[in-house]
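Heads up: the sequence shown is residues 1 to 393, going by full-length UniProt numbering.
For glycine and all other residues, C-beta sits at the position ideal for the given N, C-alpha and C.
Bear in mind that the values here come from a model prediction, so they are computed numbers and not experimental data.
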Amino acid sequence: MAGAGIGGLRTAEALRTKGFAGRLTVVGEETHFPYDRPPLSKQLLTGAIPVSATTLATDVPVEWLLGRRIVELDRERRVLRLDGGDLVPFDALVIATGARARDHPGAVPHPGLFTVRRLEDSVRLAALLRRPGLRVAVVGGGVLANEVAAAARTTGASTTLIDRGGSPLRRLGPEAGAFVARAHRLSGVHLMFGTAVTSMRAARSGGTTVRTDNPQVPAVDVDAVVIAIGGRPNTEWARSAGLAAAPAGELLTDHFLRATDRAGIPQTDIVVVGDAGARPHPVTPGAFLAEPHWSNAVRQADTAAETLLGGPVFPHRALPSFWSDVHDLKLRVIGLPGLADTRTVVESDATARRLVVRYTRDGAPVALLTINRTSRLAHHRPEIAATLNADSP
Ligand SMILES: Cc1cc2nc3c(=O)[nH]c(=O)nc-3n(C[C@H](O)[C@H](O)[C@H](O)COP(=O)(O)OP(=O)(O)OC[C@H]3O[C@@H](n4cnc5c(N)ncnc54)[C@H](O)[C@@H]3O)c2cc1C
Numbered sequence: 001m002a003g004a005g006i007g008g009l010r011t012a013e014a015l016r017t018k019g020f021a022g023r024l025t026v027v028g029e030e031t032h033f034p035y036d037r038p039p040l041s042k043q044l045l046t047g048a049i050p051v052s053a054t055t056l057a058t059d060v061p062v063e064w065l066l067g068r069r070i071v072e073l074d075r076e077r078r079v080l081r082l083d084g085g086d087l088v089p090f091d092a093l094v095i096a097t098g099a100r101a102r103d104h105p106g107a108v109p110h111p112g113l114f115t116v117r118r119l120e121d122s123v124r125l126a127a128l129l130r131r132p133g134l135r136v137a138v139v140g141g142g143v144l145a146n147e148v149a150a151a152a153r154t155t156g157a158s159t160t161l162i163d164r165g166g167s168p169l170r171r172l173g174p175e176a177g178a179f180v181a182r183a184h185r186l187s188g189v190h191l192m193f194g195t196a197v198t199s200m201r202a203a204r205s206g207g208t209t210v211r212t213d214n215p216q217v218p219a220v221d222v223d224a225v226v227i228a229i230g231g232r233p234n235t236e237w238a239r240s241a242g243l244a245a246a247p248a249g250e251l252l253t254d255h256f257l258r259a260t261d262r263a264g265i266p267q268t269d270i271v272v273v274g275d276a277g278a279r280p281h282p283v284t285p286g287a288f289l290a291e292p293h294w295s296n297a298v299r300q301a302d303t304a305a306e307t308l309l310g311g312p313v314f315p316h317r318a319l320p321s322f323w324s325d326v327h328d329l330k331l332r333v334i335g336l337p338g339l340a341d342t343r344t345v346v347e348s349d350a351t352a353r354r355l356v357v358r359y360t361r362d363g364a365p366v367a368l369l370t371i372n373r374t375s376r377l378a379h380h381r382p383e384i385a386a387t388l389n390a391d392s393p
């Protein structure tokens, strides 16, 4: 197992549950046993939970090689080389090395800059957020940036959310964006949308000076900047061994999650799980789908274990889904909103903070978004699953 995150852990568990009795080694770059990442941008930042609450149960019988990074894959000899030179031979390989935070070209490294991907990132930021009177800028407009801005504001920090897009959560459409923007405003988060950050440098005052492309906006000095502009898959070591990858770096798989080589030939002994991979798109021929979400890593673990143990029998057909919590808004999304040509607001109540948006393409349902209306998902799931050739549990 390459990677000791949720995808690696759940695949190890699935292999054991399905009867694999051989030797299992999990190699993880971080020194920690697997932990849950979603709280890192939410409850751990606000102090609502302690670090120990992010720990995952790891009673599955495996050998852990933690604090070790895989630097090379030799597909012919079936061996991984670790930093320090040790070799780990394998008969079958699960690639679950996830992603890292994307760098911002305008960021000049200094202690006032933060990303939120690893436990240490979140612990360091949470410690700073305890300081009274803190000024924080969050750069980005996706779910992670919105969660971090909400969490920072909850701790009392003066918080500014800056993104070049016109509203938060652009990919979900303006209805959800307007809801989230309203929640930010009511909570006192200062929004600077339609503004691109151009540079983040150490300020003389000890914090960070943030400059934007808007000449009307003066440079802002803050104590901390959180850069949350997406992820980069940790796949360089596998790509340089000849495995096929998308332009963004995800390893391309077949429907059974087997890695493919550059000629498109599936590798019977290598599967890819979670943020590191992209599978064939369920409805767009020739395209691939990356789903950097928790439930994807968990569900792919099961398919990958089936494929390794039983061969290519069960294609991966899980319905895409993710969740996010921003202030008191519980966002839930099933399906693929990006496919839609039409959005219909099924329910909208700004006072009760409830929203339901249905996404269709050529009249067929492709996704549903709910805010504080999770109960509405079940009704729509079968029809969305049918359009997307997915299973509807
Ligand atoms: C702060 C945060 C909040 C999130 N919140 C949500 C949410 O609310 N809802 C949701 O659906 N999803 C959320 N996600 C996404 C979700 O956590 C990820 O999709 C999930 O963690 C992916 O699991 P993974 O196992 O593929 O990768 P990861 O969890 O990233 O684990 C990969 C592991 O592999 C290790 N690794 C990398 N390279 C190497 C190497 N060369 N050698 C050895 N080990 C290596 C990494 O250090 C890491 O420990 C969040 C993610 C983050 C970062």
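Three-state secondary structure assigned by DSSP to residue i
i           : result
Phe-314     : coil
Ser-52      : helix
Ala-276     : helix
Val-148     : helix
Ala-245     : strand
Gln-216     : coil
Leu-134     : coil
Leu-89      : According to the sequence as given, residue 89 is Pro; it is not Leu. Strand at Pro-89.
Ala-178     : helix
Pro-39      : helix
Ala-259     : strand
residue 395 : Lying before the first or after the last residue shown, residue 395 is absent from the chain, which here runs from 1 to 393.
Asp-362     : coil
Arg-332     : strand
Arg-78      : coil
Pro-266     : strand
Gly-112     : coil
Pro-337     : helix
Ser-167     : coil
Thr-97      : coil
Glu-306     : helix
Leu-251     : strand
Glu-291     : coil
Ser-187     : helix
Ser-375     : helix
Glu-383     : helix
Thr-195     : coil
Ala-14      : helix
Nearest-angstrom Cα separation, counted from residue j out to residue i
i       : j       : result
Arg-373 : His-327 : 15 Å
Gly-156 : Ala-145 : 17 Å
Glu-30  : Val-148 : 22 Å
Ile-270 : Ala-137 : 41 Å
His-380 : Pro-168 : 25 Å
Thr-154 : Thr-307 : 44 Å
Ala-297 : Leu-331 : 19 Å
Gln-43  : Tyr-35  : 14 Å
Arg-164 : His-190 : 14 Å
Leu-268 : Pro-282 : Per the sequence shown, residue 268 should be read as Thr rather than Leu. Cα-Cα distance, rounded: 21 Å.
Leu-388 : Pro-218 : 47 Å
Pro-132 : Val-123 : 17 Å
Leu-368 : His-184 : 23 Å
Gly-177 : Glu-76  : 49 Å
Leu-66  : Val-27  : 6 Å
Ala-99  : Ala-203 : 30 Å
Residue environment, residue i, which counts as buried when at least 16 other CB atoms sit within 10 Å
i       : result
Pro-111 : exposed
Gly-8   : buried
Lys-18  : exposed
Asn-234 : buried
Ser-324 : buried
Pro-39  : buried
Pro-365 : buried
Glu-250 : buried
Leu-56  : exposed
Thr-284 : exposed
Val-180 : buried
Asp-59  : exposed
Gly-311 : exposed
Pro-320 : buried
Arg-68  : buried
Pro-337 : buried
Check: residue i C-beta below 7 Å from any heavy atom of ligand 3
i       : result
Asp-328 : With respect to small molecules bound, the structure shown includes ligand 1 and not ligand 3.
> Taking one C-beta from the stretch 278-291 and one from the stretch 77-84 each time, how about it: are there three or more such pairs within less than 8 Å?
Replying inline: Touching, no, given that fewer than three Cβ pairs across the two stretches are closer than 8 Å.
> Just checking, does the stretch 337-347 make contact with the stretch 359-371 on the three C-beta pairs under 8 Å criterion?
Replying inline: Because the criterion of three Cβ pairs below 8 Å is met, the stretch 337-347 and the stretch 359-371 touch.
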